[in-house]
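Undergrad: Handing you this structure, nothing more for now.
In the working numbering, the protein residues as written are 5 to 219.
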């Protein structure tokens, strides 16, 4: 039993419940999640959510590029690295290990990011047009550190997976996955803070740059 399981078991004992949830409890919890009515949201629906997403990205200092298909991604990444004089070594999610990185002179490492990784490449479960937000659930093949530790975060996004609102993103996730992940990170542009004297500082708690390649 993990430390997490021990903590929850102690809480359940304190409530006079079995230390391990019964199947009926799990079913009731899932029923509440699945049957909960959607809350109010703006009535506007963008006819072209891709254009809306790109427009909002510009407002958040997120750069974007649209390519024809996935075969064009390695060259697009290479061009971006050259443009900002960035190192040609990257840490990437496992899903992208088969791309032709060597052909464009890029060295990749698959897995979680470490402290000396300067460029990280991730995908995204989906994106939200209203706020130009990437939805990044954590998992074995989607390590969160790749989008958080490196100074530069490059995200590869399927244009067909841009939804209008946050509520749509959650509905899509539950429809496709059926169970919540351990964590979900929402990325809306480079990290920034104004904690010190109300002066905006970029890269204070995460990447200095966020670049999204849409395919």
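Ideal Cβ positions, reconstructed from N, Cα and C, are used throughout, including at glycine. Here the structure is a predicted model, which is why all the values come from computation and not from measurement.
Which residues in the same chain as residue 93 place their Cβ atom closer than 6 Å to its Cβ, once the five residues preceding and following it in sequence are excluded?
TA: Counting only residues of its own chain and dropping the five nearest sequence neighbours on each side, residue 93 has a CB closer than 6 Å to the CB of 111.
Undergrad: What is the rounded straight-line gap between the Cα of residue 99 and the Cα of residue 145?
TA: 7 Å
Undergrad: If distances are taken between C-alpha atoms only, which option among 54, 182, 152, 166 comes closest to residue 196?
TA: 152
Undergrad: Note down, in chain order, each residue of its chain lying with its Cβ closer than 8 Å to the Cβ of residue 161, except the 5 sequence neighbours on either side.
TA: 127, 128, 131, 138, 216, 217, 218, 219
Undergrad: If the criterion is Cβ atoms closer than 7 Å, does the pair residue 147 and residue 185 meet it?
TA: no
Undergrad: Could you please give the first and the last residue of the uninterrupted beta strand (DSSP E) stretch that includes residue 150?
TA: Where residue 150 is concerned, there is no enclosing beta strand (DSSP E), although the alpha helix (DSSP H) it sits in stretches over 149-152.
Undergrad: Of all the options 46, 188, 27, which has the alpha carbon lying nearest to the alpha carbon of residue 143?
TA: 188
Undergrad: Short of 7 Å in beta carbon distance, which residues of its chain neighbour residue 135, apart from the five on each side in sequence? Order them along the chain.
TA: Cβ neighbours of residue 135 beyond the five flanking positions: 60, 192.
Undergrad: Is it the case that the Cβ atoms of residue 117 and residue 124 are separated by a distance below 7 Å?
TA: It is a contact, given that the beta carbons lie within the stated cut-off.
Undergrad: Which full runs of the alpha helix (DSSP H) of 4+ residues lie inside the region 50-81, going along the chain?
TA: Unbroken alpha helix (DSSP H) runs of no fewer than 4 residues, entirely contained in the region 50-81, are found at 53-63, following chain order.
Undergrad: So, at 8 Å on beta carbons, what are the nonlocal neighbours of residue 82 in its own chain, with the 5 sequence-adjacent residues on each side left out?
TA: 92, 108, 109, 110
Undergrad: Grouping DSSP H, G and I as helix and E and B as strand, with all else coil, what is residue 44?
TA: coil
Undergrad: Return the chain-ordered list of same chain residues with a C-beta closer than 7 Å to the C-beta of residue 65, the five sequence neighbours on each side being excluded.
TA: 193, 194.
Undergrad: Using a Cβ-Cβ cut-off of 8 Å (strictly less than) and excluding sequence neighbours within five positions of residue 171, which residues of its own chain qualify?
TA: For residue 171, the CB contacts under 8 Å within the same chain, skipping 5 residues up- and downstream, are 42, 43, 45 in chain order.
Undergrad: With residue 200 and residue 53 assumed to form a contact (beta carbons below 8 Å), what rounded beta-carbon distance in angstroms separates them?
TA: About 36 Å; that fails the 8 Å criterion.
Undergrad: Relative to the C-alpha of residue 70, which residue among 80, 62, 5 is closest?
TA: 80
Undergrad: Roughly how many angstroms separate the alpha carbons of residue 37 and residue 89, rounded to a whole number?
TA: 47 Å
Undergrad: Taking just the CA atoms, how far does residue 202 sit from residue 84?
TA: 31 Å
Undergrad: Which residues share a DSSP beta bridge with residue 129?
TA: According to DSSP, residue 129 bridges with nothing at all.
Undergrad: Output the distance between the C-alpha atoms of residue 31 and residue 206, rounded to the nearest integer angstrom.
TA: 44 Å
Undergrad: For residue 55, I'd like the list of residues in its chain whose CB is within less than 8 Å of its CB, leaving aside the five on either flank, ordered along the chain.
TA: none
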